[in-house]
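Here's the structure we're looking at; comments come further down.
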Amino acid sequence: MVTARAEPGAGAIDGRVERLLGQMTLAEKIGQLTLVHVEPGELPGDLRAAVRAGKAGAVLDVVDVATVNELQRIAAHDSRLGIPLLVGRDVIHGFKTVLPIPLGQAAAWNPDLVQQGARMAALEAAASGVNWTFAPMIDIARDPRWGRIAESFGEDSHLAAVLGAAAIRGFQGDGLSRPGAIAACAKHFVGYGASEGGRDYGYVGIPEVDLRNVHMPPFRAAADAGVATFMAAFSDVNGVPASANPFLLRTVLRGEWKFPGFVVSDWDSIVDMVVHGLVANDEEAALAALSAGVDMEMVSTTYRDHLPGLLAAKRIDPRLLDNAVRNVLRVKLQLGLFERTATDPAAYPGVASAANLALARELATQSLVLLQNRNGVLPLAPQRLHSLAVIGPLADDAYEQLGTWAPDGDPALSRTPLQAIRETVGARVTVRHVRAMATTRTVTTAGFTEAVAAASGADASVLFLGEESILSGESHSRASIDLPGNQLDLVRAVKRAGKPVIVVILAGRPLTIEPILAHADAVLYAWHPGVMAGPAIADILFGVESPSGKLPVTFPRVVGQVPLYYAHRSTGKPASQASFLHIDDIAARTPQAGLKNASQYLDAGYAPLYEFGYGLSYTSFTYADIAVAPTRARVGVPISVRAVVRNVGQVAGDEVAQLYVRDLVGSVTRPVRELKGFQRIHLEPGESREVAFQLSADDLAFYGRDLTRAVEPGSFHVWIGGSSSADLRADFELTAD
Ligand code: NOJ
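The opening position of the sequence shown corresponds to residue 143 in the working numbering, with each subsequent residue numbered one higher.
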């Protein structure tokens, strides 16, 4: 677990907060709780006036450094108390240098790289005057229909907790007051990823035990990592929207976790309370939100409009307001904003520098997951190729490869797959490019003839398919997660040319790609890889690098299996190979009792297409000699688990060794497996290495039937391997005394 970092001079900061608070008018206090959206390119005169009057304490979406500096100058010099502004921006996966989408970053299973990526993005953003990002998003996402799965670290609590904490360390650097540190924001607290039906903003019904065991751990880790701010989710959580939910924001976040930063609403999520039907009007919404513990209001203005009246009517305790203001001022002081109001871009390393592009390339390379590689068709050997067909709507699209959150990215920086392939193979190999479809959603076959001709004349074809960036992200959910448009037919048509077919998929979510597997010799899942998509993909296609990404989310066969995730409960009648009879194999008039009763679908079985943690390499790894010590111990004694990983193939490669645990009997039923640790290791051909993990009491504790967190004595299974289907197992037992 990441431990809290005490901010330097906490006492002095509190003293300054109290001195400021003592001088503030009601309007100035409410101003500190007001986050104003500014349209790009526009700086309304009334915003200047509001900042001068101390009525706007924070802005979002201003990234022009001259404008930021002007606003900060007004705040620091022309306002009565000289309180600088928070300048917020969605710096989600890079800033100018666009990195892979968070789901892709998660596929790299590399916290160090995630931290470096966030550090790089923080420095680029800080050079524009941004001092606060609305990231990381650490919602648990188990429904690929949900468009925001792209912005998540996937389905697993442990992976999201580790990567979220890494991102926070990257954004906030060695201390909030250091130059280049920007405040991070753990969002969206909590449960947003479980939106009903994968429809964005949908209702969230999660029993408290699952909220605590599954959805909250990444947020707890964020608080422990010292994240400066939290964002309340849009979601209606169990009937009380998160932005007015005192159980979430007061009991858990402040009471149990002792979170000292501030909580911001989501965009209009306070006025949304009226739409939810929780309160009758905006005034009641303001009352509900502040009472629940939302310190700052994003975009809507119920605090500004209604807190004065609510205070006058004594419906709100003024101490509530003061505490919210304290929380905001404390973060501003921790950031050292009073000491550095002007931003000099020259004081920062250059944006989109060679070093930043190299980092973007490394992260993209490690995020690529090889799903299928029949007959070792990959890697391609440029020296043995004469011609290559590069086909598809995403082969040469500098914009789409950037992904869902790239508002500050510049497609001109992008290096596309087509460009990189041409550079890699050189003039000796003929590369024929056919876009074939205008977009991934094209339903005509007009471009197919040319694509098939190119494929017929080439040694192999590489197809770049998937989804445009607009098809995932906020409010971009899909009910079908098939490859859109005519892409499946394009793969079929190209395969008929009789040459090897390699499919690279760029997408913001897992897609149901089973139908292409029969026609594609190799499938590489690339997510939206960012500016350096091209070189990263080319390095894998041509074997400069061996693929090492692993799935951070389960891939279903068909959308009807969703939600489908590895850490599910056993059920009383778990499915297995023996229980399953496919719909096509059921004889007519089979009696109702003629099939085995098991938790499965007659038409889709029970297994995913690809399990969590899965990913191929150009080499092979074996796992052996698992050992647990001690095998029997009292609760609280750390358990060490080790195994030997060997590279038994012909090339060097990275492997992500994963540790899973099952707690066999619990006061509430426990998942069939839970990830508790992972290590990315590099092995040369023939090399072996022992991977060792420690399981602490904290790793094995969970919220049980009485909703307290404890380790329950009993038997455990533990596996180490290359995916959540690892079969190398050992057992241990924990006793009460
Ligand atoms: C709404 C999104 O839900 C949130 O994640 C984002 O940070 C804000 N808009 C600000 O753009």
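No residue lacks a Cβ here, since even glycine has one placed at the ideal position from N, Cα and C. Here the structure is a predicted model, which means the values were calculated and not measured.
Residue i Cβ short of 7 Å to the ligand NOJ heavy atom set
| i | result |
| --- | --- |
| Lys329 | yes |
| Asp550 | no |
| Val376 | Per the sequence shown, residue 376 should be read as Phe rather than Val. Yes - the ligand NOJ has a heavy atom lying nearer than 7 Å to the Cβ of Phe376. |
| Glu616 | yes |
| Phe276 | yes |
| Asp281 | no |
| Leu202 | yes |
| Asp232 | yes |
| Trp409 | yes |
Residue i vs residue j beta-carbon contact at 8 Å
| i | j | result |
| --- | --- | --- |
| Ser377 | Ala384 | yes |
| Phe295 | Pro694 | yes |
| Ile533 | Ser603 | yes |
| Asp203 | His179 | yes |
| Val470 | Met438 | yes |
| Gly608 | Thr582 | yes |
| Thr654 | Ile243 | no |
| Gln174 | Val467 | yes |
| Leu305 | Val256 | yes |
| Met579 | Gly627 | yes |
| Ala283 | Gly339 | no |
| Ser866 | Tyr708 | yes |
| Val643 | Val633 | yes |
| Ile412 | Ala434 | no |
| Gly397 | Gln561 | no |
| Val790 | Glu832 | no |
| Leu849 | Ile862 | no |
| Val416 | Asp424 | yes |
| Thr371 | Phe313 | no |
| Val193 | Ser270 | no |
| Thr507 | Asp681 | yes |
| Gly757 | Lys818 | no |
Identity of the residues DSSP links to residue i by a beta bridge
| i | result |
| --- | --- |
| Asp873 | His859 |
| Met438 | Val406 |
| Thr275 | Arg231 |
| Asp378 | Pro383 |
| Ser782 | Ala771 and Gln836 |
| Phe697 | Tyr752 |
| Leu648 | Gly608 |
| Gln821 | Ala799 |
| Leu758 | Leu512 |
Run of the alpha helix (DSSP H) containing residue i, from where it starts to where it stops
| i | result |
| --- | --- |
| Met373 | Per DSSP, Met373 belongs to no alpha helix (DSSP H); it is in the beta strand (DSSP E), Thr371 to Ala374. |
| Phe590 | Phe590 to Ser598 |
| Ala730 | First-last for Ala730: undefined, no H or E at that position. |
| Phe101 | No answer is possible for residue 101: it lies beyond the span of the chain, which begins at 143 and ends at 879. |
| Leu453 | Thr444 to Ala454 |
| Ile682 | Ala675 to Leu683 |
| Leu462 | Pro460 to Gln476 |
| Met579 | Looking at the DSSP string, Met579 is not in any alpha helix (DSSP H), and its letter there is neither H nor E. |
| Val417 | Asp414 to His418 |
Residue i, enclosing beta strand (DSSP E) - first and last residue
| i | result |
| --- | --- |
| His724 | From DSSP, His724 is part of no beta strand (DSSP E); its letter is neither H nor E. |
| Asp796 | Gly795 to Asp805 |
| Arg557 | Run containing Arg557: none; DSSP gives neither H nor E here. |
| Tyr765 | Phe763 to Ala771 |
| Lys329 | Cys327 to Phe331 |
| Tyr667 | Ala664 to Tyr667 |
| Val832 | Here the sequence assigns Glu to residue 832, which means Val is not the residue at that position. Residues Ser830 to Leu837. |
| Ser603 | Ala602 to Gly608 |
| His300 | It is not in any beta strand (DSSP E) - His300 instead sits in the alpha helix (DSSP H) that spans Ser299 to Gln314. |
| His575 | Thr572 to Val576 |
| Val885 | No information on residue 885 is available, as it lies outside the stretch 143 to 879 that the chain covers here. |
| Glu656 | Element bounds for Glu656: not the beta strand (DSSP E) but the alpha helix (DSSP H), Glu656 to Leu659. |
| Leu849 | It is not in any beta strand (DSSP E) - Leu849 carries neither H nor E in the DSSP assignment. |
Chain E within 8 Å of residue i, Cβ atoms only
| i | result |
| --- | --- |
| Gly755 | Going by chain labels, chain E is absent from the structure shown, which holds only one protein chain. |
Any non-hydrogen atom of the ligand COA within 7 Å of residue i CB
| i | result |
| --- | --- |
| Leu527 | Questions concerning the ligand COA fall outside what the structure shown contains, since the ligands it does hold are the ligand NOJ. |
> Can you list, in chain order, the stretches of the beta strand (DSSP E) that have 3 or more residues and sit fully within the stretch 479-551?
Replying inline: 511-515 and 529-533
> In chain order, which alpha helix (DSSP H) runs of at least 4 residues are fully inside the stretch 199-256?
Replying inline: 207-215 and 244-249
>> Which runs of the alpha helix (DSSP H) at least 4 residues long sit entirely within the stretch 147-191? Give them in chain order.
In response: Fully enclosed alpha helix (DSSP H) runs of 4 or longer: 152-165 and 168-174.
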